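Heads up, the thing below is written out as structure tokens.
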Amino acid sequence: KQEVTQIPAALSVPEGENLVLNCSFTDSAIYNLQWFRQDPGKGLTSLLLIQSSQREQTSGRLNASLDKSSGRSTLYIAASQPGDSATYLCAVSLITSGSRLTFGEGTQLTVNP
Amino acid sequence: DTAVSQTPKYLVTQMGNDKSIKCEQNLGHDTMYWYKQDSKKFLKIMFSYNNKELIINETVPNRFSPKSPDKAHLNLHINSLELGDSAVYFCASSRKNPGSHNSPLHFGNGTRLTVT
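And the structure:
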């Protein structure tokens with residue numbers, strides 16, 4: 008059974024700081040890993056999707072890496088802004104479970120002005 | 174121009190009632206999902222439909238019945254509501270089909286269900 012863990016559960020940083028969010032998963036037989044952002048009272052917004060054959064994906068100030076062998080992914084946010092404050096979730100899709108995503112519990116990020 | 178829209182946004186009802194949540198996507202996606210987010214913010218898949226066909230049915234009570242009249246709609250009907258059903262229910266869609274697993278999910282804004 009795939010388990011996804013995110014550390015830390017909460018993070019508070021001053022504006023402008025670079026930061027790293029961590030995600031680990033127990034079953035390395037994944038199809039892909041996705042990072043999502045969830046704002047209070049809103050749905051999830053897909054930020055980055057890394058296929059199992061890829062090592063990283065970049066979008067603007069965001070960079071996500073994937074190390075399947077160690078079961079880890081990181082989301083790097085450069086030059087953080089107050090608007091980045093949200094809960095960040097990672098989710099993995101297993102080869103054996105098709106389109107089913109298994110989510111971590113999220114990291115609640117607060118960027119202070 | 175909302176991509177995935179679900180209604181209602183809030184639903185407060187008493188135990189034992191039957192209620193429905195509707196979901197529509199205008200992205201032309203083939204696959205739609207229902208996820209449940211509990212009080213600890215943990216998201217878990219409930220159902221998935223591909224082109225109106227059920228492809229994922231997690232271990233949920235049979236009081237929950239999804240219905241997909243066409244590939245743009247996936248509604249969730251819940252019978253005999255219980256206190257433990259209180260959660261936020263998210264609809265999602267993706268372009269992927271069972272043979273392709275690299276399409277990101279697009280989520281609706283959620284329906285907060287409160288059972289009293």
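Going down the list, the sequences are from chains Z and Y.
If you want our numbering, it's the position in the first sequence, counting the first as 1, plus 7.
If you want our numbering, it's the position in the second sequence, counting the first as 1, plus 173.
Note that the Cβ used here is the ideal one computed from N, Cα and C, for glycine as well.
Quick caveat, the model's predicted, so the values are computed rather than measured.
I need the straight-line Cα distance from Z:Thr114 to Y:Gly257, nearest angstrom please.
Cα to Cα, the separation comes out at about 25 Å.
With the cut-off set at 7 Å, would you say Z:Leu40 and Z:Val99 are in Cβ contact?
yes
Residues that Y:Asn230 contacts on chain Z, provided the C-beta gap is smaller than 8 Å
For Y:Asn230, there are no C-beta contacts with chain Z under 8 Å, since the nearest C-beta of that chain is about 11 Å from it.
Can you list, in chain order, the residues of its chain with a C-beta nearer than 6 Å to that of Z:Gln58? Leave out the 5 residues immediately preceding and following it.
Within the same chain, Z:Gln58 has close Cβ partners Asn39.
First and last residue of the beta strand (DSSP E) that includes Z:Val118?
Thr114 to Asn119
Residue ranges of each beta strand (DSSP E) run of no fewer than 3 residues wholly in the segment 183-222 of chain Y, ordered along the chain?
For the beta strand (DSSP E) assignment, the uninterrupted runs of no fewer than 3 residues enclosed by the segment 183-222 of chain Y are, from N- to C-terminal side, 183-186, 192-198 and 204-210.
Environment of Y:Glu377 [buried if 16+ CB atoms lie within 10 Å]
This structure leaves residue 377 of chain Y out entirely; chain Y is present only between 174 and 289.
Per-residue burial, Z:Ala93 [other beta carbons within 10 Å of its own, 16 or more giving buried]
Burial call: buried.
Bridge partners for Y:Asn248 per DSSP, in chain order?
BP columns for Y:Asn248 point to Y:Lys240.
Which whole runs of the beta strand (DSSP E) in the segment 13-87 of chain Z are 3 residues long or more, in chain order?
17-21, 26-32, 37-45, 51-58, 63-66, 69-74 and 79-84
What residues are listed by DSSP as bridge partners for Y:Asn230?
Y:Phe220
Looking at the C-beta of Y:Gly272, does it have a partner C-beta in chain Z at a distance below 7 Å?
Any answer about Y:Gly272 is weak, because its pLDDT of 45 lies below 50 and its placement is not dependable; what the coordinates show is given next. Chain Z, which has no Cβ nearer than 7 Å to the Cβ of Y:Gly272, makes this no.
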